[in-house]
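This report concerns only the one structure given below.
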Amino acid sequence: MDPRITIITLGVANIARATAFYERLGFARAQDSNENVSFMQAGGVVLSLYGRQALADDAQWPADAIAHDASTFTGISLAHNTRSETEVDTVLKQAVAAGAQLLKPAQKVFWGGYSGYFRDLDGHLWEVAYNPFLQLNAAGAPVLERVEEKT
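So that you can map any letter, position 123 of the sequence shown is 1229 in my numbering, and since no number is skipped, the others follow by simple counting.
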């Protein structure tokens, strides 16, 4: 496998409502979007918004194991890394103004950075963080050094 992530699809209750929320955060809907799915460029990946039930059906997920509300913790968070603590505060305020629920106000954290969390309209967990140890390129993508394999 060529290790890469190209699309992150979020199952949502209402595509139009979720699309409007993410547009208020600055995401731009792609022309290929329609009433059944929204696509938005998110740096080097695509953020896709698709009906929660339709996504479960497509994956053949067992019907009795589908969470139909935002109260269940899924064990997944999406992260938006910034270049400063001030930018973390700005993004969190923007998310709340767009309708997100602030879960954890921005604060200094144990690993040496500054971060906070919000929940989008469908319960998806987002961390907004400034990590002084993470290098971001000009496009805002993280630059990681690969571990050298021992021979």
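Positions of the beta carbon are idealized from the N, C-alpha and C atoms, including for glycine.
Where do the ends of the alpha helix (DSSP H) carrying residue i lie?
{"i": "Q1159", "result": "1158-1164"}
{"i": "Q1200", "result": "1191-1203"}
{"i": "R1130", "result": "1121-1130"}
Which residue's Cα is closest to the Cα of residue i: the options?
{"i": "L1155", "options": "F1145, G1149, L1240", "result": "F1145"}
{"i": "I1172", "options": "H1186, G1157, L1184, S1183", "result": "G1157"}
{"i": "I1114", "options": "A1148, D1108, R1130", "result": "A1148"}
{"i": "P1248", "options": "R1189, S1139, D1108", "result": "R1189"}
{"i": "I1111", "options": "S1183, E1141, L1231, G1150", "result": "G1150"}
{"i": "V1234", "options": "Q1213, R1123, A1169", "result": "Q1213"}
{"i": "Y1236", "options": "A1245, Y1220, N1243", "result": "Y1220"}
{"i": "G1218", "options": "K1210, Q1200, L1240", "result": "L1240"}
From what residue to what residue does the beta strand (DSSP E) around residue i run?
{"i": "I1113", "result": "1113-1118"}
{"i": "D1235", "result": "The sequence shown places Ala at residue 1235, not Asp. Here the beta strand (DSSP E) through A1235 covers 1231-1236."}
Look at the Cβ atom of residue i, then the Cβ atom of residue j, and state whether they are nearer than 8 Å.
{"i": "A1204", "j": "F1127", "result": "yes"}
{"i": "L1198", "j": "F1224", "result": "yes"}
{"i": "D1228", "j": "V1143", "result": "no"}
{"i": "G1222", "j": "V1194", "result": "yes"}
{"i": "R1135", "j": "E1141", "result": "no"}
Could you tell me the alpha carbon to alpha carbon distance between residue i and residue j, rounded to whole angstroms?
{"i": "V1202", "j": "V1152", "result": "23 Å"}
{"i": "A1160", "j": "I1121", "result": "11 Å"}
{"i": "Q1166", "j": "H1230", "result": "21 Å"}
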